[in-house]
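Enquirer:
Residue numbers (the working numbering), protein chains in the order written: chain G, 92 to 202; chain S, 2 to 113.
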């Protein structure tokens, strides 16, 4: 099956800093999503982005499908951005769409 | 609009006991999923239901059964719980193939 690798595994930032999280995948994808798991365990969908660029407030994401990676940018980070960020993908030709998750990037934003 | 609702939030079982985790969505989604989350492992798919009346195995189906009761509800059953099934279980739904996935708040299960 498709492999998903996220980096870095952990990241510590001061409030106000910017960061870039990376997701590499091993095959062509027809579905890629980014999620945020907050410290209370809730999983929130941030972006559905199999290709191209999207922005939502301080967050933006870019997927370069031909080079098999996606980036999540967090600008002017806030303490509420803390948590784990997951990338999940589904490859072409895998049958019905079911997402494979990476192991996540744990982000801690300190005041 | 509650989204995806899971019950219970917490459960402790003894080895060999059975239980059913309930999940319901009010977004009129066709597809529903059960994932488990273990430390350092990310989320792994247990079972999914592409549409009402169909269910399929995911990556880690052993020890579980599912029922798609109707379009809204998708339950996960542990017939004989084992300590290896200690995990956080998430139900999710999506409207169609390749559309955003929405998660419930999870069930934390401990098997002693």
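C-beta: ideal position from N, C-alpha, C; glycine also. This one's a predicted model, so the numbers in the text were calculated from it and none came from an experiment.
Going by C-alpha distance, which of 198/G, 191/G, 200/G and 201/G is nearest residue 42/S?
Expert: Among 198/G, 191/G, 200/G and 201/G, the Cα nearest to that of residue 42/S belongs to 191/G.
Enquirer: Near residue 109/G, which residues of its chain fall below 6 angstroms by C-beta distance, leaving aside the five closest residues on each side in sequence?
Expert: Same-chain partners within the cutoff: 166.
Enquirer: Name the DSSP beta bridge partners of residue 74/S, please?
Expert: Answer is 25/S, bridged to residue 74/S.
Enquirer: Name the chain S residues that come within less than 9 angstroms of residue 139/G, Cβ to Cβ?
Expert: In chain order: 99, 100, 101 and 102.
Enquirer: What would DSSP say about residue 81/S, mapped onto helix, strand or coil?
Expert: Looking at residue 81/S - three-state DSSP - the assignment turns out to be coil, as it is neither helix nor strand.
Enquirer: On the CB-based measure, 16 or more other CB atoms within 10 Å of its CB, does residue 135/G come out buried or exposed?
Expert: Flag for residue 135/G reads exposed.
Enquirer: Which of helix, strand or coil does DSSP assign to residue 96/G?
Expert: The answer is strand: DSSP assigns residue 96/G an E or B state.
Enquirer: Would you call the region 65 to 83 of chain S and the region 49 to 57 of chain S touching, i.e. three or more CB-CB distances under 8 angstroms?
Expert: Enough Cβ pairs lie closer than 8 angstroms, so yes.
Enquirer: Of all Cβ atoms in chain S, is any one closer than 9 angstroms to the Cβ of residue 116/G?
Expert: False, the Cβ-Cβ gap to chain S never drops below 9 angstroms.
Enquirer: Under 8 angstroms, with one C-beta from each stretch per pair, do the region 4 to 13 of chain S and the region 112 to 132 of chain G reach the 3-pair mark?
Expert: Contact fails: fewer than three Cβ-Cβ distances are below 8 angstroms.
Enquirer: Under 9 angstroms, Cβ to Cβ, is there at least one residue of chain G near residue 69/S?
Expert: Closer than 9 angstroms: no.
Enquirer: Would you kindly work out how many angstroms separate the C-alpha atoms of residue 189/G and residue 18/S, rounded to a whole number?
Expert: Computed Cα separation, rounded: 30 angstroms.
Enquirer: Report the option in 137/G, 107/G and 125/G whose CA atom is closest to the CA atom of residue 193/G.
Expert: Residue 125/G is the option with its Cα nearest to residue 193/G.
Enquirer: How about the region 93 to 104 of chain G and the region 141 to 151 of chain G: do they share at least three Cβ pairs that are nearer than 8 angstroms?
Expert: No, the region 93 to 104 of chain G is not in contact with the region 141 to 151 of chain G.
Enquirer: Give a yes or no on whether the minimum CB-CB distance between residue 77/S and chain G is below 9 angstroms.
Expert: Chain G contact via Cβ: absent.
Enquirer: Taking Cβ to Cβ, would you say residue 36/S is nearer than 9 angstroms to residue 95/S?
Expert: The answer is no: Cβ separation not under 9 angstroms.
Enquirer: To the nearest angstrom, report how far apart residue 85/S and residue 128/G are at their CA atoms.
Expert: Cα to Cα, residue 85/S sits roughly 23 angstroms from residue 128/G.
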